[in-house]
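In this note's numbering, the protein residues as written are 1237 to 1954. What follows is a set of notes on a single structure, which appears directly below.
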Amino acid sequence: MPRSSDHHVQHRVFLFREERLMKFLLASALIFSAQTSFADTIEEIIVTATLRDTELTELPMSVTVLTEKDIQTREAQHFDQLLNMTPNVNFSAGASRGRFVQIRGIGERSQFKDPLDSSIGLVIDGVDFSGIGLAGALFDVRQIEILRGPQGTAFGSNAMGGLMLLETNNPSDVFQGNVLLGAGNYSSYEGGAVISGPITDALSGRLAIHQFVSNGFIENSFLDRDNTNDFDEHTLRGKLRWQAGDATRIDVFASYYDTNNGYDAFSLENSRRTRSDEPGHDRQQSNSFSIAVSHEADLFVFDGRLFLESSDLGYGFDWDWSNVPRSGIRGGENNKRQRDSIGFDIRISSKGDARIADRTGWIVGLYRYERDVELFYDDHWEDSWGFYPSSFNSDFSTQRLAAYGQFDRPLSEQLHLTIGARWETYDDAYHDSAGVTANPEDDLWGGLISLEYLLNDLMLYGTLSRGYKTGGINGQASAGADAEANPEIAGFLEQRLSFRSETLISYEVGLRRSHGELTWSLSLFHMKRDDMQAKAWILFPPAEWKSYLDNVENGSNQGIEFSFSFRASDRLTLDAGLGLLKAKLGDLTVQDIDSFPPTPVDQSSRDQAHAPDHQFFIAANYLITPSFSLNIQVEGKDSFFFSNGHDIKSDSFSLTHATLRYQFEQYNLALWARNLFNEDYKVRGFYFANNPLNGWINEPYFQFGEPRTFGLTARVNF
């Protein structure tokens, strides 16, 4: 397997990486040394992803909240354009957008034939969209909450590594609205409108509509087109809020997402110039609905939510990325899925005299979730190796039932104790057209114990938490385990037909401070993973790839996270974040595809995939005049492995973004640029043989991230 051996290159990379870190830390130290006497003007941010809505500075966990202002400063269309602002959060593409998220090194990187249960949760206005991240459009989103670490009490198995929650703006009490128009390079255009206000004295509503189109940044020389990797994204959201009485509120939310993007991102030459003769696609059409009821009685608060989601998903691509004359296998595949889910979450929390012994607050809840996913797979080949096109169908259904509770008790005026627990049972069913059937089921539990110590405006906390993820079946491995032509590979896969549930124990200590114009937080964490689910791939010669999840021991993820926001003057605001991470694979064995027959390779000393050693983010916003402002952001990321099964890595990189904004009364005009210096950076990588022109040797292939994009966006509020 390929490994770097150039000591001098490694040394230069190391020095460059350390220089960037030293600059970041020096800038932080200078900012902290500044003295300030400004009044307290820091905006209060309420985090809603916890069991009780809590002010950000009072949370005993690692959380980043990106506000609507952050979204508009970057002029971002999708959450993948903001994730580098958050310590120890990464993403993988292999699609039109980076819809697979990793937090602290934990998270899926792709999905092909096999069913998927997510390690990172995605919730949009109370609806579970975990695993289908194309729905992460950002128009009219009020804030993005990113919770790092296991959320074993509140969310259970879909949030073992963390959670992303997107909350859109609520209906307003007065009539208001806004209109957005924008244009940029690569033939990019967007338009959106919002209308919000009262319908009756007790009922208010909000409606938001948005469309973004772009040719994308790939040129296909064979087809002579510049739109084979295009974006065509539509969003429609509606909200109703009914104040049914002095103590009762009912919120109704409905959304429609229609994404019809192209996918033509890889080339044999590793450039943004492709020659695919059958460009792929990345599609998601989703309808969602939720209704939430909140009732506040004298002794308790009742919160209940019912949610539904139905999605048509399509993901297809050109296998060979070329128009090379028939040699070996040429063609493509399409993965079409129909996903339907329904669930509810009911909780009751104490209030007033209902507290136990007048001191202990409590929350109890019940959760139910059902999901069914049907896969319709087909491929088409121009084949000189004697293979034939194939089709494949599968159905995967899951049922989850959970009960949870949490107790909060002040031990003294300054010391506070929180204990939470969740019990969850899951019952899955899988069957496919290859004759594979399975019914994985298990009972799992998670929770936390947290201590908080308050000292004036400083909070110290320590948290012990337990997360978990359900087990399942390796459908591709099971279907191919009896291959007579490859007994070594068949024997390897026969030991991996299914995988067990994973549990994670997290130890975290941290500090938070909010004082005057400065807020900052620091956390240190260590996570031990038992039966860690590690994804790898195996090749059935000559060209059939099969993925599988393997349970391994001794996996661990540990690191440091730091962030701060500082209003240095009436004109200048500074923000920064730093994430350090060391994530080890544990006792994983994979197959070396550079040897034939493939031989086992021990990866136990290696870093986990998509887990960079460090990330940083620095931003400065300067008010030039009362109407003009300039925002400059720099983000950087260390190199990381693309897969657990090979040793190909990305390069370290840093990106610069800038926005010049004019604001006058209700008019807002922004001239913006992302990746200002047009840095080439990689967001997905593979290693295999795909080029008949070089004799079908294994070599790396990369997908590049967004190049320099710029544009002009206008908003009018009324």
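Yeah, the Cβ is synthetic: ideal placement off N, Cα and C, and Gly gets one too.
So is residue i buried or exposed if we call it buried at 16+ other beta carbons inside 10 Å?
{"i": "Thr1755", "result": "buried"}
{"i": "Ala1265", "result": "With a pLDDT of 42 at Ala1265, under the threshold of 50, the modelled position of this residue cannot be trusted; read the value that follows with caution. Label assigned to Ala1265: exposed."}
{"i": "Pro1836", "result": "exposed"}
{"i": "Asp1581", "result": "buried"}
{"i": "Phe1411", "result": "exposed"}
{"i": "Phe1940", "result": "buried"}
{"i": "Tyr1903", "result": "exposed"}
{"i": "Asn1320", "result": "buried"}
{"i": "Asp1460", "result": "exposed"}
{"i": "Pro1323", "result": "buried"}
{"i": "Glu1280", "result": "exposed"}
{"i": "Leu1891", "result": "buried"}
{"i": "Asn1926", "result": "buried"}
{"i": "Phe1832", "result": "exposed"}
{"i": "Asn1930", "result": "exposed"}
{"i": "Leu1700", "result": "exposed"}
{"i": "Ser1799", "result": "buried"}
{"i": "Asp1409", "result": "exposed"}
{"i": "Asp1594", "result": "exposed"}
{"i": "Asp1679", "result": "exposed"}
Assuming residue i and residue j are in contact, meaning their beta carbons sit under 8 Å apart, how far apart are those beta carbons, in whole angstroms?
{"i": "Leu1358", "j": "Glu1381", "result": "Actually they are not in contact, since the Cβ atoms of Leu1358 and Glu1381 sit about 11 Å apart, beyond 8 Å."}
{"i": "Ser1328", "j": "Ser1346", "result": "7 Å"}
{"i": "Val1488", "j": "Leu1476", "result": "4 Å"}
{"i": "Gly1579", "j": "Tyr1605", "result": "4 Å"}
{"i": "Arg1583", "j": "Gly1601", "result": "3 Å"}
{"i": "Ser1526", "j": "Leu1542", "result": "7 Å"}
{"i": "Asn1911", "j": "Thr1945", "result": "7 Å"}
{"i": "Gly1341", "j": "Arg1702", "result": "Their Cβ separation, rounded to whole angstroms, is 18 Å, which puts Gly1341 and Arg1702 out of contact at 8 Å."}
{"i": "Phe1536", "j": "Ser1586", "result": "6 Å"}
{"i": "Gln1313", "j": "Phe1448", "result": "5 Å"}
{"i": "Gln1769", "j": "Phe1728", "result": "Not quite, the Cβ-Cβ distance comes to about 17 Å (not below 8 Å), so this is no contact."}
So, for residue i: in the same chain, excluding its five sequence neighbours on each side, which residues have a beta-carbon less than 7 Å away from its beta-carbon?
{"i": "Gln1520", "result": "Ile1368, Leu1370, Ala1371, Tyr1493, Thr1495, Ser1547 and Leu1549"}
{"i": "Arg1227", "result": "Because the chain spans 1237 through 1954 in this model, residue 1227 falls outside it and cannot be assessed."}
{"i": "His1751", "result": "Asp1693"}
{"i": "Leu1647", "result": "Leu1653"}
{"i": "Asp1350", "result": "Asn1710, Gly1711, Gln1712 and Ser1783"}
Return no unless some Cβ of chain B is closer than 7 Å to the Cβ of residue i.
{"i": "Ser1714", "result": "No chain B is present in this structure, which holds just one protein chain."}
Please work out which residues of its chain come closer than 6 Å, Cβ to Cβ, to residue i, disregarding the five sequence neighbours upstream and downstream, and give them in chain order.
{"i": "Phe1643", "result": "Thr1596, Trp1598 and Ile1655"}
{"i": "Val1560", "result": "Pro1928"}
{"i": "Ile1796", "result": "Leu1760 and Leu1816"}
{"i": "Leu1302", "result": "Leu1318 and Ile1380"}
{"i": "Ile1339", "result": "Val1325, Ile1356, Arg1384, Gly1397 and Gly1398"}
{"i": "Ser1366", "result": "Ser1354, Gly1357, Leu1358 and Asn1394"}
{"i": "Phe1628", "result": "Tyr1613 and Ser1669"}
{"i": "Asp1316", "result": "Phe1327, Arg1333 and Gly1334"}
Can you give me the C-alpha to C-alpha distance between residue i and residue j, rounded to a whole angstrom?
{"i": "Thr1634", "j": "Thr1739", "result": "19 Å"}
{"i": "Ile1725", "j": "Phe1336", "result": "29 Å"}
{"i": "Phe1632", "j": "Ala1331", "result": "23 Å"}
{"i": "Tyr1666", "j": "Pro1676", "result": "8 Å"}
{"i": "Arg1511", "j": "Asn1456", "result": "5 Å"}
{"i": "Leu1261", "j": "Ser1875", "result": "A caution first: Leu1261 carries a pLDDT of 44, below 50, which makes its placement in the model too unreliable to give a value."}
{"i": "Ala1444", "j": "Glu1426", "result": "14 Å"}
{"i": "Glu1688", "j": "Arg1807", "result": "35 Å"}
{"i": "Leu1866", "j": "Tyr1499", "result": "34 Å"}
{"i": "Ala1804", "j": "Phe1913", "result": "27 Å"}
{"i": "Asp1513", "j": "Thr1464", "result": "10 Å"}
{"i": "Arg1485", "j": "Val1870", "result": "42 Å"}
{"i": "Gly1746", "j": "Arg1951", "result": "40 Å"}
{"i": "Ala1674", "j": "Ser1737", "result": "15 Å"}
{"i": "Leu1416", "j": "Glu1469", "result": "15 Å"}
{"i": "Gly1698", "j": "Tyr1743", "result": "8 Å"}
{"i": "Asp1589", "j": "Arg1920", "result": "55 Å"}
{"i": "Leu1651", "j": "Leu1690", "result": "7 Å"}
{"i": "Asn1934", "j": "Phe1924", "result": "4 Å"}
{"i": "Val1609", "j": "Glu1730", "result": "25 Å"}
{"i": "Ile1868", "j": "Ala1856", "result": "5 Å"}
{"i": "Thr1300", "j": "Thr1861", "result": "30 Å"}
Would you say residue i touches the ligand FMN, meaning its beta carbon is less than 6 Å from a heavy atom?
{"i": "Ser1354", "result": "The ligand FMN is not part of this structure, which contains no ligands at all."}
### Three CB pairs or more closer than 8 Å across the region 1522-1531 and the region 1552-1562
no
### Query
If we count Cβ pairs, one from each stretch, closer than 8 Å, do we get three or more for the region 1824-1843 versus the region 1893-1903?
no
### Query
Using 8 Å as the threshold, is the region 1868-1888 in touch with the region 1822-1831, meaning 3 or more CB pairs across them?
yes
### Task
Determine contact between the region 1305-1312 and the region 1283-1297, defined as no fewer than three beta-carbon pairs at a distance below 8 Å.
no
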